[in-house]
Every structure is written in C-alpha cells, then in structure tokens.
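Engineer: Quick one: this structure, given as structure tokens, is what I'll be asking you about.
The structure is reproduced here in structure tokens:
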C-alpha cells in the first residue's frame, strides 16, 4: 500500500488557510487544544489520513462500530474581520517510527499546500518535570518577524527552553514546512508532563486565539481541568495516607488521568 | 522481492464469497477456529501468501520436507440453501512489524476483492486475564445493521470490551477492508490468555456457523479442549505440590500448552 | 541505493552448477564449512554481495586496508567424474533484519539462477545445548527423493529435530529457492552452540563431499578443532580453580573462542 | 518523501576537490575536527542534507528560530601551492538505522562525485577506554600507497587497532566510496571515549593539515581542550570527596562534558 493514504471527505475551496496541528504528545496538550478548537469553532471534516506508520489498530466505539486509527483534517471558514480560513490536524497517533514521522508529515504538508496552506501553527506541551501553576506558552518559529509578533501575543522565547529542540510532529511540521514554502511557529504550553493538562491547552489556545482573532469559549476546557485537579487531589491524598512521597498515582486514579484526554 | 507474494494454487470461480480470517493471536483462538473450519468443511487450497514481513523461517515436517512460513487461503463452495461460498485465511504468523501488518492485510484484501469478496469475518481471542468457564463471543463491526444482526446470533457488544480497540490482523482486516468496500465484523471469543483455547474457538465457530448457516461438528475440537484441560489440571496439581501459587506452569507441561494449538 | 548490490568479479560459464551456502550462525558451522571448502578446492572469486541490510561497517586488514562487509560468491569447475560445477556463498554476516534476510536471499538466488543454479545445499549448525562428542548431521530437504538420497549418505532425518524449523539464511535459501525452481537440502551439524565448532563443520563437509563426490583433505580443519579443544580445556580448568560451575568462559579465553572462527 | 534530500545552496565549480567527513561519534572527535576545520579555513555553505533517517527533530536557536536536523556540506577553494579544493561534511547526526547510514552515505557520495570528488578523508575517534595523554592518530585506507603516505605523516597503522573494523559513517564513506571510484583514508584520533575530546580532534587535524598542506591555527581548539580538562578535574575532585572511584561524573558537570562539543 502507499505509505500514507489521504482520503478527501469534502472538496472545499479555502482562502489562504492556516494549518493548525495538534497531535498526541507531552501532556496531550497539542491534541487537547486542537480537538477543543475543532469542537468550538466548530470545524467540519475535510480528509482522513491513514498510514502503515500508525499502529495496526482499530478503535471500537460504544455502539460496536470500528474505526481504523488515523489523523484527521477539518476546516473552518473565516467569519469575522481579520479572521482566516483554518485547516486543523488532529488524530490518534503520531507516526510510530522516525521515518514514519517524516513520511506522514511530508504527505500532510503536501496535501495542505495543495489546499493553499502557506502558514502553520503547531501546538504542543513542554514538560517541566514539576507542577506548573500558571503555564507560560513557549515559542519557536521559522522567521524572526514571527518571533517578534508572537512575543507581543505573550509568547515566551526563552534562551534555554526548549534546550534540545523539538522532537516529533510539532517540530517536523515547521522543519519540513520550510522546505515547501510553509512558514510558521510552534506554541508550547508548559506542563508537568505527568498528567493530561487541559489548563496548558487553554493557555496555548488563548495565544492562538489572539493571533488568529478567534473568539473561543473556554468553559468546557476549564471544567475538564478542574476534573483533572480533583482526581490529582484524590491521588495525592491516597498517597499521603499510604505514606508514599512520589508523584506516582494509584492504578485506578491514574487511569482516569491517562493520556486519553 | 515484492513485499508480499501471493501464489494462486487453483483458479476458481466463486459466487459472492465471504472471507473468514483466523491467524495466530491471543489464545490462538482465531487460528484454531479458522483451521478447524477449513478441516471440517473441508476447504480446498486456493493460494499461498509469502512475505518478507514474516520471520525468515522454514518449518520442517516429520518427513524432513521444508515449508516456508506463510499465510494460506482456502475456498469452499456453498452446498445448502442460504449458504455462501467461503474464502478462509489461516497461517503461521501475522506480519512481524506494524508496517508489515498493513502491507500483508492490504494485499490479501486486494486479492480477495479480486475474487469477489465484499464481506469479511475476523476471528480472534479476547484476553480476560482470568479463567473463563463459558466464553462469551464479543463483537465489533463496520456497520450498525451488522451489530444488530450479530446480537441476534448471541454476540455481545459490550460498552467496555474491547476497551483499547483491536490490535493486529483481526482489526486491520475490518479497518482496511472498509477502505476498499469490504464490510464485516470481528468475533472475539473470551479466553484467559494463558493457554491455547479450543473452547473459545468453539464458541466463536458456533456463532459463525449460525451466521453463515454452516453445519459444523465440534467433536474433535471438544476433544482438544479436554486434552488442554487435562494438561492444565496436571500443571495445577504440580504447582500445588511445589507450593507455587502463580498460574505459571512447569516447563514440560507448558510446552504441551504452547501456542501451537 | 539498491537494497542489494551484486558485483560480478569474473564472467564465467558454469555447467549446471550447485550452490553451497555457509554463512555465520550457530557454532559458525556453516561459515567454517563453506570457507574451508572454498580454500580446499580452491574456488575462485565470482561476485561480491553488498547490502544496506548488512551492518554499516568496514573491516581493516593487518596491512591497514579496509573492506566493506559483504557476502561473497566463489566458483569451482568440476574436475573428476560425477563432479558438478560449484558456486559457494560465504560472508561476514547474514542480513540483520528479517526483511533484509528475505531481500538478500532472493537477490542472491536470482543471481545464481542466472548462472544456471537449480540445486542448493545450505550448511548450518544445530545447537544441542550440550557438548556433542560425535556430531551427527541432521537434514531437511525440499523433496522426498532428496531425503532418501541423503539418508544413504548418513544424514539423520529426525522426527523432533529441528523442532521449530530453521531460522535464517540456511532455511530461507531452501524456502525461497523452491519459489524460483531451485530445489535442495540443508545439512546441519550438531554442535553445543557455545563455541565455534570445526568438528561439526567437518562432519557436514564429509556428507557434502560424499554427495558431491568431492575429495577433501580435513587436516587443517582438524587442527583447528584441536586448538579449540585446547582452549576450551584451559577455560574449564580455570573455572574449576575459581569454583565456577557454568560453561561460561573467562573473558580472554572466550575471545579466542569467539565466533570469528 | 525521498529518503535523502540534498539542497544545493550555492552552485560552485571545484577543481579535483577532496571530501573531508566528520560526523558525531566516539568522543565527538570527527565532528569537532570537521567543524573546526570549516571555521578556520573558513569554508562556505554548499548544500544541506535532510533525511527521514535522521531523528524527527528541529533545533531551536537562541533567537527562537528553528532548524531541521541535517548534515551540511561546505566548500573551500585552494589558496596556496600544493593545496586542493575541499568539500567538508559535518552535521547533527549520523543516520539512526543501519539502512539509513547506507542510504545517506551513498547519496552524499553520489552528490560529491558529481562535484568531482575522487578522494575522501574521514575523521573519527577511536575509544581506548582509558585516559589518553598524547593521542596517536590511527589509520585505515583503501589502497597500500595511501597507507605508506600516511605513515610518513605520522599516522599509526596498528595490527590490532581497530580490531573489529570501523562502524558508522567514517568506515562507510570509505567502503561505499570505493564502489563509486572514490579512494581515501580514515584518520582516527585516540580518545578515552568518556568525554568530547578536542585534543584528539587537534591531533587528527594536524595530520590532515600536513597531508592537505593546510595551515591551521589551533588556539581556539586548545582553549576548548583546557576547558574540558578543567571540568574533568572538577568532577574528579568532587568524586574524590564523595568517595566515588568510578570515572562517572556528577550530573551537572557531566552535562558540560556532554557530546555537544
């Protein structure tokens, strides 16, 4: 089979659209943000991405219907002044091998280039290894002017973070994007790295909303954050009782915090 | 070499045939069921599937003759009223890498599509991690109508099982099948996951027989199940004597229970 | 680059040649036998096999000259009555991934088919996991008539050995060979599996010599076997002194026994 | 995407140029030497090598600008008598799989062949597993005459080192180079293997400078070596105080010594 298969669900004309990428990763921040954005706008299904570089797996929904693991493109047409058409990439997995990551990213970029995309924002989490009360949004970009613009939107460009660079889709969409004339930036929400982190996703989306002039309601995302807090608190108390001192959680509660988001 | 090589053994005209897949996996339930079905009907050799995504291995039969590891397609022509022609896929291995699983599944689906296949049943085991006295048959399908039909045949569609979806050939034949217009369902026999499980295979085949209007004799499969029981009992007793409490078995008896089936 | 690159060193006309394969593996028996055969005949360089499925490595000879790791084909023209032209495959490595094994084997088989090869003998070791004083030669073949002929030459076809089949080049040359019309057999010398085993290689070559009517002098191979015995004895004594009871060897002596052969 | 993508930055005419390769590896000696050579000459950007066989990663510079990981070709035009035009290969990574190493090396060799390259020097470290006060430069070459010439430049051709051959790019550029008519040699600076080793890089560059008639100033490289010494000394003292006896370093200091170079 082809390494990557992209099935178009709706043929659509977009005007200078911006690609927003958010796939599973650290704290699931990118995926939480992209999924929430898609629901809030709401965006419509555009195309499905299948690949032999994803796991050989189907999900089974509660009604018993299966679905092959995939990435998914949605689109949203600009409504207000200053807004831009959007293409949003979400999905179940990143490619499970380095080569697979390159192949999938390049094919999706090609497809989006064909839709007129020349700009990309990638959304991700940045693991600090400690609890982060008020997550900052760290940035990286393909052009100096873009760095300046994002600073004005509150993005932090730190000399030391991210030290080793970005690994995975959020970096690769920028790195390979440049090779095909797509410029952009990565927005990284600080997160502990221990839990899925809707609060960090909110911080990232607030910056994105400012940059793309989107009016987003964060009520549902904040409710999710509070639920995670509640579970984390329960775990903490259980550990206090059992005399544990590590941030590790009990199996059941941990599952609630699992990277399903 | 080509990634997947399919050698046709007999050119045959089939009428709207149904594909039945059963490869090695959890409790070897799928393979046991497919192999037993092939012997009972009996089905005739149709094609052999070789692939560089199988292990680089040959088996040596008791007469000293080697055979390259493979998957195998057999066919059976409908005899009675309401019956359908069948194509059965069995074999030594699933693809040993994720990419290999995709490649092999897609090539076999293509080949079967060429034979007229538009419907598939995949057979598998579902590991419960505990002894299962009376295995239920869990289901997953590509269409709601199919779910309803299978419920009537006694298949359980559980909200929670299988939680993480299906991994491997039994899921992939459904997921990739849909992309080429082949709809179907997976029948998963509950099993402990510790032993090969002919009883679970029987449960799966009983459902399949009902759905496909096949009249199957389960005597030989039940004899195999009793033999497994007998060996398991011996292991249990040996462990009792040696004071072990885990379900782990002694090396010799374990080998008898090995996933050869 | 091409997956496998075969460079012809000499264009040669061969008459119905037989391929003899012996690559590194259990006890290095196959490689020892093939290398010894090549030196004794002696065979002449025919072609070099390079592949990205070998390790990315060069060897450095004592004179400082490098050589890319490879497999190597040599040829020998029949001299006496009843003899056949030979093509011998030896080399530094088998392919280091399952797919690589398939690719390399198929390309070498194709190349040899082009030379007129329709028959293959693969040489290997069979690990018994215990010291073997008088190694038997076990067999596996592609045709019943071949089994009968080899039994007459002293080859043992055992119901139980090799139980799980043959893994690696010696099996694959038979399994893939059949698909392109090359029939043959595998000769497996029993060996402990702990050391390189020239004695097992000698047993294998004696059978091969009988079958192919080759008159081989085993003096040098027997000398090598005695040297291995001597080192093994030293290790054994050192272990006795240090109170060890396992067959594991001291680092220095072990290196002498290392699978360089 | 293509396995390896080479983007030319400047079209340049070179006269019988020599390729110098230095990528990350043991003691980072090769990379340190190639990078230093490029800065000292200084060499100009010629082409960038991207590949799906590198990690899916971008680096973020202090100004927030990302850069996809790559290898990089630079060129330098001969200025003095006896000098030759140079092409220098450096970069972030070697290919991360054996197949990737072969693919990248072959494509870079092809590209350089197109530039007129027929000679290559590969630079590397040779791990001795002990502190090396005055690193010798060990050699390996593709031709006897080259061995003799290098001996005169002080290169040591040892019967035992490197025993197992060369693994990775420095060997492969020689091994695959020969197949396309590019001859050459590897210069290996002795190093402990524990730290990045600018002193070993200096030893290698001194030999290279002699062979290629380059006049190099080593002040900055020597300063870097002293800094490494100073950090190593601090670690040693800290370990003395804490009673450790292994050469392992404290986490902070170790990071300073990390293979960033």
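Residue numbers (the working numbering), protein chains in the order written: chain A, 7 to 267; chain B, 7 to 267; chain C, 7 to 267; chain D, 7 to 267. C-beta: ideal position from N, C-alpha, C; glycine also.
(1) Any beta-carbon of chain B closer than 8 angstroms to the one on residue 22 of chain A?
(2) Consult DSSP for residue 132 of chain D and reduce its assignment to one of helix, strand or coil.
(3) Please confirm whether residue 108 of chain A has its beta-carbon closer than 8 angstroms to some beta-carbon of chain B.
(4) Taking the alpha helix (DSSP H) that residue 206 of chain B falls in, what are its first and last residues?
(5) Below 8 angstroms on C-beta distance, what does residue 163 of chain B contact in chain A?
(6) Residue 193 of chain D and residue 127 of chain D: beta carbons closer than 8 angstroms?
(7) If the cut is a Cβ gap below 9 angstroms, which residues of chain D does residue 74 of chain C touch?
(8) Kindly indicate which three-state DSSP category residue 233 of chain C falls into: helix, strand or coil?
(9) Does residue 172 of chain D get closer than 8 angstroms to chain C when you measure Cβ to Cβ?
(10) Closest to residue 52 of chain C by CA distance: which of C:33, C:235, C:77 and C:84 is it?
(11) What are the boundary residues of the beta strand (DSSP E) that includes residue 80 of chain A?
(12) Rounded to a whole number of angstroms, what is the C-alpha to C-alpha distance between residue 215 of chain A and residue 144 of chain D?
(13) Would a C-beta distance cut-off of 8 angstroms place residue 33 of chain C and residue 174 of chain C closer than the cut-off?
(14) What's the call for residue 26 of chain C, buried or exposed, on a 16-neighbour Cβ count within 10 Å?
(15) Residue 55 of chain D and residue 12 of chain D look like a contact to me (Cβ under 8 angstroms); what is the Cβ gap, rounded to whole Å?
(16) For the candidate residues D:161, D:94, D:138 and D:187, whose alpha-carbon lies nearest to that of residue 4 of chain D?
(17) Give me the chain B residues within the contact set of residue 148 of chain C, using Cβ-Cβ distance strictly less than 8 angstroms, ordered along the chain.
(18) Please tell me whether residue 196 of chain B and residue 138 of chain B are closer than 8 angstroms, where the distance is taken between their beta carbons.
(19) Among D:165, D:124 and D:229, whose alpha-carbon lies nearest the alpha-carbon of residue 20 of chain D?
(20) Helix, strand or coil, according to DSSP, for residue 188 of chain B in the structure here?
(21) Helix, strand or coil: which one does DSSP assign to residue 44 of chain B?
(22) Find the residues of chain A that neighbour residue 112 of chain B, judging by a C-beta separation of less than 9 angstroms, and give them in chain order.
(23) For residue 73 of chain D, which of A:87, A:183 and A:85 has the nearest alpha-carbon?
(24) Using a C-beta cutoff of 8 angstroms, does residue 200 of chain B count as contacting chain C?
(25) Let's test the definition: count the other Cβ atoms within 10 Å of the Cβ of residue 235 of chain B and tell me whether it reaches 16, buried, or not, exposed.
(26) Does residue 203 of chain B pass the burial test, meaning 16 or more other C-beta atoms within 10 Å, or should it be called exposed?
(27) Using only CA atoms, which one of C:91, C:154, C:238 and C:8 lies nearest to residue 106 of chain C?
(28) Quick test of the definition: if touching needs 3 or more C-beta pairs under 8 angstroms, does the stretch 161-172 of chain C touch the stretch 220-235 of chain C?
(29) Given this structure, state the Cα-to-Cα distance separating residue 198 of chain D from residue 241 of chain D, to the nearest angstrom.
(30) Three-state secondary structure (DSSP) at residue 248 of chain D?
(31) For residue 39 of chain D versus residue 211 of chain D, is the C-beta distance shorter than 8 angstroms?
(32) At 4 residues or longer, what runs of the alpha helix (DSSP H) sit wholly inside the stretch 89-175 of chain B?
(33) By DSSP's criteria, residue 50 of chain A is part of a beta bridge. Which residues make up the other side?
(34) Report the option in A:67, A:122, A:91 and A:88 whose CA atom is closest to the CA atom of residue 187 of chain A.
(35) Between the Cα of residue 47 of chain B and the Cα atoms of B:18, B:89 and B:65, which residue gives the shortest distance?
(36) Using a beta-carbon distance below 8 angstroms, is residue 12 of chain B in contact with chain C?
Structural biologist: Based on what the coordinates show:
(1) Chain B, which has no Cβ nearer than 8 angstroms to the Cβ of residue 22 of chain A, makes this no.
(2) Residue state for residue 132 of chain D is assigned as strand, using DSSP reduced to three classes.
(3) No, its Cβ sits nowhere closer than 8 angstroms to a Cβ of chain B.
(4) Its alpha helix (DSSP H) spans residues 204-218.
(5) What residue 163 of chain B touches in chain A: 69 and 70.
(6) For residue 193 of chain D and residue 127 of chain D, yes; Cβs fall inside 8 angstroms.
(7) Taking a Cβ-Cβ cut-off of 9 angstroms, the neighbours of residue 74 of chain C in chain D comprise 177, 178, 180, 181, 182, 184 and 185, given in sequence order.
(8) Judged by DSSP in its simplified three-state form, residue 233 of chain C adopts helix.
(9) Judged by the 8 angstroms Cβ criterion, residue 172 of chain D is in contact with chain C.
(10) Taking residue 52 of chain C as reference, the option from C:33, C:235, C:77 and C:84 with the minimal CA-CA separation is C:77.
(11) Residue 80 of chain A -> beta strand (DSSP E) spans 77-82.
(12) Near 59 angstroms, if we compare the C-alpha coordinates of residue 144 of chain D and residue 215 of chain A.
(13) Not in contact: residue 33 of chain C and residue 174 of chain C (Cβ atoms no closer than 8 angstroms).
(14) Note on residue 26 of chain C: 16 or more other CB atoms within 10 angstroms of its CB, so buried under the neighbour-count rule.
(15) Taking the Cβ atoms as the reference, residue 55 of chain D lies roughly 5 angstroms from residue 12 of chain D, within the contact range of under 8 angstroms.
(16) Absent from the model: residue 4 of chain D. The displayed extent of chain D is 7 to 267, so no value can be given.
(17) Near residue 148 of chain C (Cβ distances below 8 angstroms), the residues of chain B are 71 and 72.
(18) One thing to note: residue 196 of chain B has its Cβ within 8 angstroms of the Cβ of residue 138 of chain B.
(19) For residue 20 of chain D, the closest of D:165, D:124 and D:229 by C-alpha to C-alpha distance is D:124.
(20) In the three-state DSSP reduction, residue 188 of chain B falls in the coil class, being neither helix nor strand.
(21) Three-state result, residue 44 of chain B: helix.
(22) The answer, in chain order, is 7 and 58.
(23) With distances taken between Cα atoms, residue 73 of chain D lies closest to A:183.
(24) The beta carbon of residue 200 of chain B sits no closer than 8 angstroms to any beta carbon of chain C.
(25) Counting the other Cβ atoms within 10 Å of the Cβ of residue 235 of chain B gives fewer than 16, which makes it exposed.
(26) Buried: at least 16 other Cβ atoms inside 10 Å.
(27) The closest CA to that of residue 106 of chain C, considering only C:91, C:154, C:238 and C:8, is found on C:8.
(28) Short answer: they don't touch.
(29) Whole-angstrom Cα-Cα distance: 16 angstroms.
(30) Coil, per DSSP.
(31) Cβ distance < 8 angstroms, so residue 39 of chain D and residue 211 of chain D count as in contact.
(32) The stretch 89-175 of chain B contains these whole alpha helix (DSSP H) runs: 104-120 and 150-158.
(33) According to DSSP, which records beta bridges pairwise, residue 50 of chain A is partnered with A:81.
(34) Of the candidates A:67, A:122, A:91 and A:88, the one whose C-alpha sits nearest the C-alpha of residue 187 of chain A is A:122.
(35) Cα-wise, what sits closest to residue 47 of chain B is B:89.
(36) Answer no: the Cβ-Cβ gap between residue 12 of chain B and chain C never drops below 8 angstroms.
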